[in-house]
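Asker:
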Amino acid sequence: MTPIVAIVGRPNVGKSTLFNRLVGKRLAIVDDLPGVTRDRHYADAHLAGRNVTLVDTGGFDPSSGDPMQIGIARHVFAAIEEADAVICVLDGAMPPTEPDREAVQLLRQSGKPVVYVANKADTREHELAIGPLYELGIPSLVAVSAVHGRGTAELAQAIRDALPPPERSDEAAEDAEDAPRIALVGRPNAGKSSLFNRLVGRERSLVDREPGTTRDPVDERVEFEGRPFVMVDTAGIRRRSRVERGVELVSVLRAIRAMERAEVCVLLCDATEGVAEQDARLLALCIERRRGLVVGLNKMDALRDGKARRAAIEQATDTLQFAQFARIIPLSGKTGDNVSELMNAASRTAEEMRRRIPTGELNRFFEEVLAKQPPPTQGGRAPRIYYITQAEASPPVFVAMTSYPEQLRASYQRFVVNQIRKSFGFEGVPITVHYKAKRRRE
401 MTPIVAIVGR
411 PNVGKSTLFN
421 RLVGKRLAIV
431 DDLPGVTRDR
441 HYADAHLAGR
451 NVTLVDTGGF
461 DPSSGDPMQI
471 GIARHVFAAI
481 EEADAVICVL
491 DGAMPPTEPD
501 REAVQLLRQS
511 GKPVVYVANK
521 ADTREHELAI
531 GPLYELGIPS
541 LVAVSAVHGR
551 GTAELAQAIR
561 DALPPPERSD
571 EAAEDAEDAP
581 RIALVGRPNA
591 GKSSLFNRLV
601 GRERSLVDRE
611 PGTTRDPVDE
621 RVEFEGRPFV
631 MVDTAGIRRR
641 SRVERGVELV
651 SVLRAIRAME
661 RAEVCVLLCD
671 ATEGVAEQDA
681 RLLALCIERR
691 RGLVVGLNKM
701 DALRDGKARR
711 AAIEQATDTL
721 QFAQFARIIP
731 LSGKTGDNVS
741 ELMNAASRTA
751 EEMRRRIPTG
761 ELNRFFEEVL
771 AKQPPPTQGG
781 RAPRIYYITQ
791 AEASPPVFVA
801 MTSYPEQLRA
811 SYQRFVVNQI
821 RKSFGFEGVP
831 ITVHYKAKRR
841 RE
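Just add 400 to wherever you are in the sequence shown, counting from 1, and you've got the working numbering.
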């Protein structure tokens with residue numbers, strides 16, 4: 401499971417600049433005015449060989465009585481609670497302040513591993529001037545310049561050292577041989593808990609008309625039509641602009657973690673409201689985390705005529721057309737109609753996640769693909785693909801040895817993925833193909 405690293409500190413110390421630097425993209429808004437960051441930003445990053453999810457937080461000033469600052473403080477507490485490690489950013493160009501002292505005290509009480517960073521150490525002279533920050537009782541400081549990238553390699557290594565060891569691959573293989581883990585995800589009030597209780601056979605999750613009833617992911621091993629599953633009920637995830645600071649932010653992080661622990665995510669949508677943009681975002685989030693996918697169009701019993709049902713399916717298909725490999729199953733968690741079909745689709749998707757295609761069969765298929773449509777010339781070069789092999793399963797990852805991999809067009813890469821699906825299936829499964837340059841010896 402991907403560890404979570406929260407970035408905290410008082411206002412205007414450069415947290416968002418450091419966040420952008422570590423992620424490698426300009427994602428968080430950066431401004432000289434303190435307090436620009438109010439909502440948390442999430443992004444995946446690769447630091448010193450470890451994949452992590454970074455969380456950027458607002459400026460922390462617990463002594464302030466301003467309602468906005470009070471809300472930001474709740475949101476910082478939530479980020480620290482869920483984090484596996486914390487980066488505490490301090491201003492290396494200034495002596496410690498009272499908010500710095502309170503932040504350090506809070507982190508000591510949390511018991512979480514903390515990496516203390518002295519930002520704005522743009523030069524060697526600036527780095528030598530960070531000594532006063534040790535008055536906070538900090539055992540060590542990593543001097544960085546988030547603007548210029550100075551010291552970020554040392555910071556990445558310090559973060560790696562602070563994280564718990566990665567999960568063992570042999571344990572992951574044992575999990576893959578066990579019952580498939582299916583996570584129910586979606587917006588609040590989509591009917592996830594009702595469906596979960598129907599599958600479990602009793603009221604395991606609290607069901608209420610008020611959205612947001614479920615806070616923590618709930619796991620339950622069930623047997624459905626003679627097949628074992630581990631079902632995970634998760635909190636509903638709203639649009640970021642509507643997420644309340646505090647406990648619901650924790651629910652969002654836990655739902656994301658539930659996705660990562662699952663083999664298959666069932667995105668449950670409300671047919672009476674139609675598939676919304678937020679549903680599409682959640683589906684994209686599942687694809688980013690390379691989970692198997694099934695879309696459940698719930699509450700079909702509330703649509704009384706066939707015309708309304710067909711319109712709901714067409715609207716869902718149109719909104720989620722970017723993930724055509726995921727099946728859309730109309731159902732009713734309330735009446736049980738088509739729940740069996742949904743679970744059959746989830747089971748097949750889990751099997752597809754674990755499939756391995758023999759290299760010989762894969763290359764015979766690929767010879768036919770290349771004969772039909774070789775890679776187009778790009779930049780005056782005609783890339784050649786020599787052979788392809790499946791490097792991983794659950795989810796499937798393929799590696800193609802090629803000349804000039806940087807010259808392969810994105811459209812041709814999509815064509816290759818579509819041809820793999822056409823020949824081998826992989827319904828509901830995200831496919832990754834890495835193109836590696838073939839060395840002369842190879």
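Cβ atoms here follow ideal geometry from the backbone N, Cα and C, with glycine treated the same way.
All values derive from a computational prediction rather than experimental measurement.
1. Below 6 Å CB to CB, which residues in the same chain sit around E571 once its five sequence neighbours on both sides are set aside?
2. How big is the Cα-Cα spacing for L595 and A723?
3. When you compare each of N744, A791, G780 to T759 by their alpha carbons, which one comes out closest?
4. Let me know the secondary structure DSSP gives T749 once reduced to three states.
5. Less than 7 Å separating the beta-carbons of L731 and N698?
6. Can you check the region 696-734 for any alpha helix (DSSP H) of at least 4 residues that lies completely inside it and give the ranges in chain order?
7. Locate the alpha helix (DSSP H) running through G586, then write down its first and last residues.
8. Taking buried to mean at least 16 other C-beta atoms within 10 Å of its own C-beta, is L528 buried or exposed?
9. Is K838 helix, strand or coil by DSSP?
10. Count Cβ pairs between the region 797-807 and the region 822-841 that sit closer than 8 Å; are there 3 or more?
11. Using DSSP bridges, identify the partner residues of H446.
12. I'd like to check one pair, A518 with A558: are the Cβ atoms closer than 7 Å?
13. Should S540 go down as buried or exposed, given a rule of 16 or more other Cβ atoms within 10 Å for buried?
14. Can you tell me the Cα-Cα spacing of V694 and G591, whole angstroms?
15. Count the other C-beta atoms from every protein chain shown that fall within 10 angstroms of the C-beta of H391, then say buried if there are 16 or more, exposed otherwise.
16. For A445, which residues from the same chain have a beta carbon less than 6 Å from its beta carbon, with the 5 sequence-adjacent residues on both sides left out?
17. I'd like to know whether the C-beta atoms of L683 and A556 end up nearer to each other than 7 Å.
18. Would you kindly work out how many angstroms separate the C-alpha atoms of V413 and L490, rounded to a whole number?
19. Grouping DSSP H, G and I as helix and E and B as strand, with all else coil, what is E481?
20. Evaluate K415 with the Cβ neighbour count: other Cβ atoms within 10 Å of its Cβ, from every protein chain shown; 16 or more gives buried, anything less gives exposed.
21. Output needed for T777: all residues of its chain with C-beta closer than 7 Å, excluding positions within five of it in sequence on either side, in chain order.
22. Beta-carbon separation of T719 and V666 under 7 Å?
23. Between the Cα of V833 and the Cα atoms of F826, K822, V816, P565, which residue gives the shortest distance?
24. Does DSSP put E498 in a helix, in a strand, or in coil?
25. Taking its Cβ as the centre, do 16 or more other Cβ atoms sit within 10 Å of A658, making it buried, or is it exposed?
26. Tell me which residues share the same chain as G601 and place their Cβ nearer than 8 Å to its Cβ, disregarding the 5 neighbours each side in the sequence.
Answerer: In this structure, then:
1. Translated into the one-based positions of the sequence shown, residue 571 becomes position 171. In this prediction, E571 scores a pLDDT of 43, lower than 50, which makes its location untrustworthy; the coordinate-derived value is nonetheless stated afterwards. Within the same chain, E571 has no close Cβ partners at all.
2. Against the sequence shown, residue 595 aligns to sequence position 195. Against the sequence shown, residue 723 aligns to sequence position 323. Between the C-alpha atoms of L595 and A723 there is a straight-line separation of about 23 Å.
3. One-based indexing of the sequence shown puts residue 759 at position 359. Per the Cα distances, A791.
4. Taking the first residue of the sequence shown as 1, we reach residue 749 at position 349. DSSP places T749 in helix when its eight states are reduced to three.
5. On the sequence shown, position 331 is the one that residue 731 refers to. On the sequence shown, position 298 is the one that residue 698 refers to. In contact: L731 and N698 (Cβ atoms closer than 7 Å).
6. Qualifying alpha helix (DSSP H) stretches, in chain order: 706-719.
7. Counting from one through the sequence shown, the residue named residue 586 turns up at place 186. Here G586 belongs to no alpha helix (DSSP H); instead the beta strand (DSSP E) covers 581-586.
8. Counting from 1 along the sequence shown, the entry for residue 528 is found at position 128. By the neighbour-count rule (16 or more Cβ atoms within 10 Å), L528 is not buried but exposed.
9. Indexing the sequence shown from 1 puts residue 838 at position 438. If DSSP states are grouped into helix, strand and coil, K838 belongs with coil.
10. yes
11. Counting from one through the sequence shown, the residue named residue 446 turns up at place 46. Paired residues: N451.
12. One-based indexing of the sequence shown puts residue 558 at position 158. One-based indexing of the sequence shown puts residue 518 at position 118. No, the pair does not count as a contact, with Cβ atoms beyond the cut-off.
13. The residue labelled residue 540 in the question sits at position 140 within the sequence shown. Label assigned to S540: exposed.
14. Translated into positions along the sequence shown, residue 694 becomes position 294. Translated into positions along the sequence shown, residue 591 becomes position 191. V694 and G591: Cα-Cα distance of roughly 15 Å.
15. Residue 391 lies beyond the stretch modelled for the chain, which goes from 401 to 842, so this question has no answer here.
16. Indexing the sequence shown from 1 puts residue 445 at position 45. If we look at A445 and ignore the five residues flanking it on each side, its Cβ neighbours are L422, V423, V452, L454.
17. Position 283 of the sequence shown, counted from the first residue, corresponds to residue 683. Position 156 of the sequence shown, counted from the first residue, corresponds to residue 556. It is not a contact, given that the beta carbons lie outside the stated cut-off.
18. As a working mapping, residue 413 is identified with position 13 in the sequence shown. As a working mapping, residue 490 is identified with position 90 in the sequence shown. C-alpha separation (whole angstroms): 6 Å.
19. As a position in the sequence shown, residue 481 is number 81, starting the count at 1. If DSSP states are grouped into helix, strand and coil, E481 belongs with the helices.
20. Position 15 of the sequence shown holds residue 415. It counts as buried.
21. For this step, residue 777 is matched to residue 377 along the sequence shown. Contacts found: none.
22. To locate residue 719, count along the sequence shown from 1; it is residue 319. To locate residue 666, count along the sequence shown from 1; it is residue 266. Going by C-beta atoms, T719 is not nearer than 7 Å to V666.
23. Looking up residue 833 in the sequence shown gives position 433. Checked all of F826, K822, V816, P565; the closest Cα to V833 is V816.
24. Here the question's residue 498 lines up with position 98 in the sequence shown. Helix.
25. For the purposes of this step, residue 658 is taken as residue 258 along the sequence shown, with counting starting at 1. With 16 or more Cβ atoms within 10 Å of its Cβ, A658 is classed as buried.
26. Counted from its first residue, the sequence shown places residue 601 at position 201. Once the five neighbours on either side are set aside, the close Cβ partners of G601 are V622.
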